[in-house]
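Read the structure below first, then the notes.
In the working numbering, the protein residues as written are 284 to 595.
Right, here's the structure in full:
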């Protein structure tokens, strides 16, 4: 399989993110015969990335998913990789293991800290250090992606500092950027101008979370990233709000009304996602990285309607 960087040289890229399931049933649904991975291949993605559990958990399942992608030979497999709770020796061994399995693309991350942790609990403390270490140990054997935060990382002191760290990742040998969730298009355009002005030339692959479920959307925005929610997205949530509480079994409304609101939210959310992809592509980005959420039908519809399947 070609390096993802070769694709960026030729055209816009199109890819998916999946996560390693915690159960055998989930693994069968994703990796089994006729499962979600095999369905995603039919859309000819340039690569499929697989996340790493928080705190470096579920690494075994991450490798299982990527082994399936490599063995099937339909697309490039990209592993997420974090610094959490790991020694330099452990990181060296794990990265070598990925190479031995034919996995030579990685997204280098600090990683989300487990609850109560104040640091990584390992030898490396930041993604900048991980990029530098991987380049020193393995040279050009890995294609290395790094995370970019258009609104600034939630734990970074300022957007300017965040951009300076991103430049450092490039200086340390990173190849391209995979962005964090961002719905604020004005902020994204500002960030694109700012990183280019700072001398960051790496291709930008934009991470898109399909808006399908109200709870997941709010949880991802507020608890994980501190994202700005544009008025149009807030209106979709407000119009389909389930009273008194959408997140518990305590419903003030009938089951039928709740089901209808969930369906209406999903329909409006899909339309919102398609429109946002159009806006992103007008910004001169290098690719769209769609979070598949280990499902097929909805992301296939979004990819088709947004014209992403015409890229390949």
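The beta-carbon is built from N, C-alpha and C at its ideal position, and this holds for glycine as well.
Residues of its chain near residue i, where Cβ-Cβ distance is below 8 Å and the 5 sequence neighbours each way are ignored
i, result
"residue 314", "320, 347, 348 and 351"
"residue 378", "364, 389, 417, 420, 421 and 425"
"residue 312", "304, 318, 319 and 577"
"residue 288", "426, 458, 459 and 486"
"residue 295", "564, 568, 569, 570, 571 and 594"
Sequence-distant residues of its chain with Cβ nearer than 6 Å to residue i (five each side left out)
i, result
"residue 291", "486 and 569"
"residue 310", "304"
"residue 409", "393"
DSSP beta-bridge partners of residue i
i, result
"residue 461", "430 and 488"
"residue 592", "According to DSSP, residue 592 bridges with nothing at all."
"residue 571", "297 and 489"
Same chain, Cβ closer than 7 Å to residue i, five either side skipped, listed in chain order
i, result
"residue 400", "The predicted position of residue 400 is uncertain, since its pLDDT is 49 and thus under 50; a value taken from the coordinates is nonetheless stated next. Contacts found: none."
"residue 530", "498"
"residue 492", "464, 503 and 574"
"residue 580", "none"
"residue 512", "466 and 504"
"residue 455", "411, 414, 415 and 418"
"residue 583", "326"
Check whether residue i and residue j have beta carbons under 9 Å apart
i, j, result
"residue 330", "residue 356", "no"
"residue 435", "residue 462", "no"
"residue 523", "residue 551", "yes"
"residue 265", "residue 571", "Because the chain is modelled from 284 through 595, residue 265 falls outside the range shown and cannot be assessed."
"residue 362", "residue 335", "yes"
"residue 414", "residue 444", "no"
"residue 366", "residue 300", "no"
"residue 556", "residue 589", "yes"
"residue 475", "residue 566", "yes"
"residue 391", "residue 452", "yes"
"residue 431", "residue 478", "yes"
"residue 586", "residue 326", "yes"
"residue 525", "residue 545", "yes"
"residue 560", "residue 591", "yes"
"residue 433", "residue 471", "yes"
"residue 519", "residue 501", "no"
Cβ-Cβ separation, residue j to residue i (assumed contact under 8 Å), whole Å
i, j, result
"residue 460", "residue 428", "7 Å"
"residue 358", "residue 328", "5 Å"
"residue 450", "residue 483", "5 Å"
"residue 562", "residue 468", "5 Å"
"residue 374", "residue 407", "7 Å"
What ranges does the beta strand (DSSP E) occupy inside the region 486-551, keeping only unbroken runs of at least 3 residues that lie completely in it? If we require 3 residues or more, the beta strand (DSSP E) runs fully inside the region 486-551 come out as 487-491.
Restricting to runs no shorter than 4 residues, where is the alpha helix (DSSP H) found entirely within the region 345-398? Runs found: 371-383.
Please give the ranges of any alpha helix (DSSP H) in the region 298-335, keeping only runs that are unbroken, at least 4 residues long and fully inside the region. The DSSP assignment places 307-314 and 319-324 as complete runs of the alpha helix (DSSP H) inside the region 298-335, in order along the chain (cut-off: 4 residues).
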